[in-house]
Amino acid sequence: MVKSHWVGEVQSGMYDDQEVELKGWIYRTRGSNKIRFIVLRDSTGTIQCVAKRDTVGDEIFEGLKGALIETSVILNGHVNVDERAPGGHEIVVSSATIVGSVNPENPFPITQSAMENADGGETEFLLDNRHLYLRTGRMTTMLKLRSSAFGAIHSYFRDSDFIEYQAPCFVAGAVEGGSTLFEVPYFGRKDVYLTQSWQLYAEAAMPALEKLYTIAPSFRAEKSRTRRHLTEFWHAEMEMAWAGNSDIMEHGEGLVRHIAQTFLDERTPELESLGRDLDLIARYADNPYPRMRYDEAVETLQGMSVDIEWGQDLDYSKEKILTQDFDVPHFLTHYPKVAKPFYHRVDPDDEKYVLCHDLLAPEGYGEIIGGGERTWSEEEILRRIDEEGTPRDAYEFYIDVRRFGGVPHGGFGLGVDRVISWLSGAEHIREVIPFPRDSRRVTP
Ligand code: 4AD
Ligand code: MG
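With our numbering applied, the sequence shown closes on residue 435, and no number is skipped along the way.
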């Protein structure tokens, strides 16, 4: 049952002039009553296979002739090196078995052009058929990039001696403000939500583990549908004791550069298939990321005649303009206190600001990381919670972290889907996640 030969291996030249058994799906098919040209797809690529009636016999030939796109098959044959064939190889079929057929009355609904290149899953029809769209070349590529990004995040943190740690998804308080909280029915209670971030529970474990990280889903009731917002997204977060804003930024930069380098090491053909400029990715992997204060960014934007007032958080429209000409990601630090949640530590040098950072990706992508130093004394956190007018009850456990040996600490959250979207050059964040969730869609 287990496969012994893979299309990608054949195309790499591993079985030239040898017999192979390929298992996969029919990607394309054409031909006459005597000869069929079948492009076979598996998870590693596509290859042209030629079946002649004279060689395979009438029964097999008729089976192949009637087989529609996405029929699953086992093809046995000889590997010919052929310059003219896509990928440089062609299979001369000697025998074939149809495994799972497709009913002609209900053919595969996704068109050839959408299969091969696609509009990035943008149409409602393709979103409705997302479960089938996953098989397209473009989506398969995105899923492989995802796998490399997740692997890179784990290896970065583990190689830097961080401990992987899990927080609950059902929570009783906001981290990132009440407007994007998802309320969940919970045995008649009205104060239970899906978590927006792992952070508060990570801070509770900070005195136990000191350096910790996670990759987990976070939930935000984002009503606006933008190219960078999902209601359920994958969040890579870290927390670190004995660290200030600058130490945390060093890890943010290290992590993003490591993801870019991993893409180059593991996924060059995939990036090329998306038309991505590899020099850009190498630039993101090789160069340091400059740091800029919020005030400087606001002045820059005002100089570009953008309508922005000091004190506003930068929304997407502004980050887009700001990052259009960045050559590498830039950190923006020292946002006004009024623009950020209570947990950010006030700058002791100037109380108007907090010791925080956002990392903004170039090419108009904008924020991919949000983080900073935490308010770590009991007195200060109580003042900040009261200033925001938030009831303390849900945060008692969080305040306790400060009551029993508080230490300077900080952390960040990286939007994994956003990073993949940026590095792959996707138009929309939906393109890089298998089943995107937004305010209108929870199916399929
Ligand atoms: O900036 P945010 O809201 O920061 C936090 O949640 C902190 N508690 C993280 C921490 O310090 N541990 O979110 C962090 C990142 C953003 O920079 C963005 O990349 C991503 O999470 N993100 C989203 N990605 C997709 N869809 C959404 N709706 C997102 N909201 C945030
Ligand atoms: Mg943010």
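Where is the CB? At the ideal position from N, CA and C, for every residue including glycine. Here the structure is a predicted model, which is why all the values come from computation and not from measurement.
Taken in chain order, the unbroken stretches of beta strand (DSSP E) that lie wholly in the segment 198 to 266 and span 3 residues or more are 202 to 210, 223 to 232.
Annotation for R19: V30 place their beta carbon closer than 6 Å to its own, counting only its chain and skipping 5 residues before and after.
Short of 6 Å from the beta carbon of A227, and not among the five residues preceding or following it, lie these beta carbons of its own chain, in chain order: I144, I206, L405, V407.
Taking a 10 Å sphere around the C-beta of A199, we find fewer than 16 other C-beta atoms and assign the residue as exposed. Less than 8 Å divides the Cβ of A232 from the Cβ of H400.
For G169, the three-state secondary structure derived from DSSP is helix. With contacts defined by Cβ atoms closer than 8 Å, G355 and F403 do not form a contacting pair. Annotated three-state conformation of E354 is coil, per DSSP. Using a cutoff of 7 Å, the CB of G361 counts as near the ligand MG, since one of the ligand's heavy atoms is closer than that.
By DSSP's assignment, D349 forms a beta bridge with L323, G361. Under the three-state reduction of DSSP, W413 is assigned to helix. The beta carbon of W225 lies closer than 7 Å to those of I206, P208, V407, D408 in the same chain, with the five residues before and after it left out. Positions of the beta strand (DSSP E) runs, each at least 3 residues long and wholly inside the segment 11 to 57, are given as 26 to 33, 36 to 43 in order along the chain. Annotation: the continuous beta strand (DSSP E) that includes E81 extends over 80 to 91.
Out of E81, E263, E387, the CA that lies nearest to the CA of M133 is found in E263.
When only Cα atoms are considered, H122 and P435 end up about 7 Å apart. Cβ-Cβ separation between A158 and T114: approximately 37 Å, too far for a contact (criterion under 8 Å). In this structure, E358 has its CB closer than 7 Å to one or more heavy atoms of the ligand MG. Just so you know, the alpha carbons of C40 and L191 end up roughly 56 Å apart.
Nearest to V423 by alpha-carbon distance, out of V398, A352, L346, L265, is L265.
Setting aside the 5 residues that flank it on each side, L373 is surrounded in the same chain by R383, I390, each with a C-beta closer than 8 Å to its C-beta; the list follows chain order.
Ranked by Cα distance from E167, the options E369, K331, E358, L350 are led by K331. Residues of the same chain with a CB within less than 6 Å of the CB of Q9, apart from the 5 flanking positions on each side, are V70 in chain order. At a cut-off of 7 Å, the beta-carbon of D408 does not count as near the ligand MG: no heavy atom of the ligand is closer than that. For I424, there is no enclosing beta strand (DSSP E), as DSSP marks it with neither H nor E. Inside the segment 275 to 332, DSSP marks whole alpha helix (DSSP H) runs of 4 or more residues at positions 285 to 294, 307 to 314, from first to last along the chain. A buried status is given to E310, since no fewer than 16 other beta-carbon atoms sit within 10 Å of its beta-carbon. Closest option to L292, judged by alpha-carbon separation, among G302, I312, N278: I312. Under DSSP, E370 forms no beta bridge with any residue.
In the DSSP annotation of this structure, H69 is not part of any alpha helix (DSSP H); the continuous beta strand (DSSP E) holding it starts and ends at 63 to 72. DSSP links Y177 through a beta bridge to R180.
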